[in-house]
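J.: There's a structure below that I have some questions on.
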Amino acid sequence: MIPFDLLSPETGHPLKADGAHALRDVETGARWPVIDGIPYLRTGRDSLVTAVLRHLDAGREEEALVLLLADQDDWWTGPPADPEALRRLIRERQNATLRQAVDWLGWGRVGDYFVNRWTDPTFLAGLSLLEAHWNSPACAFELACGIGQYLRELKRHGVKVAGADVVFAKLWVARHWVVGKGTQLFCFDATSPHWPIPEAPVDLAICNDAFYFLDDKPCVLSCLRQTAGEEGWLAISHIHNSGRPGFSAGKAISAAEIEELFPDGLVYDDAELTRALVEARAPQPREPRELRGCEAFSVVAGPGMRPAPRRIVDGITLPPAEAALRLNPLYKPDDGAFAIRWPSERYEAEYAPLATYPLHSEGPHAIAWAGKPDAPEAERVRRREYVDLPERW
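Mapping to full-length UniProt numbering: the sequence shown position 391 is 391, numbers consecutive.
Here it is in structure tokens:
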């Protein structure tokens with residue numbers, strides 16, 4: 001476990017345990033709920049915090065959890081979650097699959113992205129960025145970690161990990177379907193008045209496919225640098241480019257802003273990182289001004305980063321030895337073989353042009369994997385024709 005000293009996001013005062021399901025501000029006495037080991041530290045949710053604590057104090061954990069699972073970020077445009085579906089999810093969480101969980105949470109098309117994230121080119125670009133500058137970090141923190149796909153890969157390669165997200169439900173799904181009980185998870189706003197983990201002993205801070213959403217990017221970046229410390233490094237992938245229209249909401253930034261925010265950074269075209277993985281080579285950084293037309297930027301920065309990228313041939317981009325690899329679930333039976341069937345037109349429009357896996361596969365449904373980068377099946381694994389999914393995917 002990483003020894004975090006949590007602070008109140010409102011006052012900056014230390015938080016101490018207040019029974020099994022709450023934290024208390026040591027100076028003001030204000031309380032914050034904790035469920036499944038996940039502190040809920042969102043600001044501007046006073047009435048929700050009060051209601052959740054009231055349920056927890058009365059022993060009504062299911063009702064408290066229903067309230068937190070329904071809480072969404074400010075970018076959410078879908079309908080509210082169905083309380084009865086949430087109750088079913090809570091009661092059946094020991095046996096439900098990840099796909100059922102996403103469905104009962106009412107995540108809609110966002111759920112398509114989460115359950116297929118292990119194969120999307122955006123996710124692979126982030127893994128490639130980490131591997132290209134890998135220096136065997138001991139502890140890593142991920143901001144906007146979602147349901148924990150990156151945390152899972154880091155953890156399985158020997159890194160102590162912790163993650164934070166603004167949506168409690170994503171962290172709860174991470175806890176039960178993706179990363180397990182041993183991973184530290186926190187729910188808080190990146191732009192809270194006070195960063196709840198200001199001086200964590202972490203040597204890698206990451207933020208993937210989310211930085212463009214955040215307000216006050218210089219402030220958030222300063223907090224991430226502080227979290228990484230004087231010897232750590234930052235890896236921030238898939239930052240949408242304001243100079244090129246894209247599919248996502250958020251607040252994209254320009255190449256000039258990238259240069260201003262990361263004067264010490266190495267900057268990549270996100271698509272270059274994905275290609276480097278498939279081609280088993282070192283990705284090539286570029287000057288930000290040379291990337292004005294790219295869809296998204298990826299950046300490493302900080303004193304702890306490798307001075308030059310290494311070849312992407314092994315490590316975090318490949319599953320560990322003896323992982324149970326199965327055919328990419330986007331493949332469906334097709335005339336004796338398999339063909340990609342996209343979950344939605346939007347998903348196809350966003351990812352088909354950059355997909356690393358072929359549109360058709362001869363199978364089989366599963367393959368053996370010994371973890372060797374020069375194995376005959378390594379190419380099919382590298383391009384995510386075969387994928388290592390959680391046990392209850």
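We put the beta carbon where it would ideally sit given N, CA and C, even for glycine. All of these numbers come straight from a predicted model, not from anything done at the bench.
Of all the alpha helix (DSSP H) runs that stay within the bounds of the region 65–137, which reach a length of 4 or more residues?
T.: Qualifying alpha helix (DSSP H) stretches, in chain order: 83–91, 98–104, 108–115, 121–132.
J.: Among the candidates 310, 20, 340, whose CA atom is the shortest distance from the CA of residue 285?
T.: Looking at the Cα atoms, 310 is the closest of the given residues.
J.: Whole-angstrom Cβ separation of residue 26 and residue 9, contact assumed at under 8 Å?
T.: Not quite, the Cβ-Cβ distance comes to about 14 Å (not below 8 Å), so this is no contact.
J.: Taking the DSSP output, what are the residues bridged to residue 139?
T.: DSSP output for residue 139 lists 160 as bridge partner(s).
J.: Helix, strand or coil: which one does DSSP assign to residue 181?
T.: Looking at residue 181 - three-state DSSP - the assignment turns out to be coil, as it is neither helix nor strand.
J.: Using C-beta distances below 8 Å, list every residue in its chain close to residue 45, excluding the 5 sequence neighbours before and after it, in chain order.
T.: Counting only Cβ-Cβ distances below 8 Å, and skipping sequence neighbours, we find 71.
J.: Taking just the CA atoms, how far does residue 281 sit from residue 391?
T.: Rounded to the nearest angstrom, the two C-alpha atoms are 31 Å apart.
J.: Measuring CA to CA, which of 251, 179, 30 is closest to residue 157?
T.: Checking every option, the nearest Cα to that of residue 157 belongs to 179.
J.: Using only alpha-carbon positions, find the residue among 145, 108, 51, 360 that is nearest to residue 172.
T.: Cα-wise, what sits closest to residue 172 is 145.
J.: Which same chain residues end up closer than 7 Å to residue 273 when comparing Cβ atoms and leaving out the 5 residues on each side of it in sequence?
T.: Taken in chain order, the residues that qualify are 125, 128, 129, 283, 298.
J.: Do residue 315 and residue 131 have their C-beta atoms closer together than 7 Å?
T.: In contact: residue 315 and residue 131 (Cβ atoms closer than 7 Å).
J.: Mind checking whether residue 164 and residue 69 have CB atoms under 7 Å apart?
T.: The answer is no: Cβ separation not under 7 Å.
J.: On the CB-based measure, 16 or more other CB atoms within 10 Å of its CB, does residue 42 come out buried or exposed?
T.: Buried, because 16 or more other Cβ atoms sit within 10 Å of the Cβ of residue 42.
J.: Which partner residues does residue 253 have in the DSSP bridge list?
T.: 241.
J.: Give me whichever residues DSSP pairs with residue 360 in a beta bridge.
T.: Paired residues: 339.
J.: What does residue 34 pair with, by DSSP beta-bridge criteria?
T.: 39, per the DSSP bridge assignment.
J.: Identify, in the order they occur along the chain, each residue of the same chain with its Cβ nearer than 6 Å to the Cβ of residue 388, setting aside the five sequence neighbours on each side.
T.: Within the same chain, residue 388 has close Cβ partners 319, 323, 325.
J.: Among residues of its own chain, excluding the 5 on either side of residue 5, which ones have a beta-carbon nearer than 6 Å to its beta-carbon?
T.: Answer for residue 5: no residue qualifies.
J.: Which whole-angstrom value describes the C-beta separation of residue 154 and residue 140, a residue pair presumed to lie in contact below a C-beta threshold of 8 Å?
T.: Sure, about 5 Å apart at Cβ, within 8 Å.
J.: Among all the DSSP beta bridges, which residues are the ones paired with residue 208?
T.: Beta-bridge pairing links residue 208 to 237.
J.: Between residue 102 and the rest of its own chain, which residues show a CB-CB distance below 8 Å, the 5 nearest in sequence each way excluded?
T.: Counting only Cβ-Cβ distances below 8 Å, and skipping sequence neighbours, we find 111, 114, 115, 173.
J.: Report the residue ranges of all alpha helix (DSSP H) runs contained in full by the region 260–297; include only those spanning at least 4 residues, in chain order.
T.: Entirely contained in the region 260–297, the alpha helix (DSSP H) runs reaching 4 residues are, in chain order, 270–279.
J.: According to DSSP, is residue 388 part of a helix, a strand, or is it coil?
T.: Correct three-state label for residue 388: coil.
J.: Which whole-angstrom value describes the C-beta separation of residue 184 and residue 2, a residue pair presumed to lie in contact below a C-beta threshold of 8 Å?
T.: At roughly 6 Å, the Cβ-Cβ gap stays under 8 Å, so residue 184 and residue 2 are in contact.
J.: Could you tell me whether the Cβ atoms of residue 120 and residue 351 are closer together than 7 Å?
T.: Their beta carbons are under 7 Å apart, which means residue 120 touches residue 351 by this criterion.
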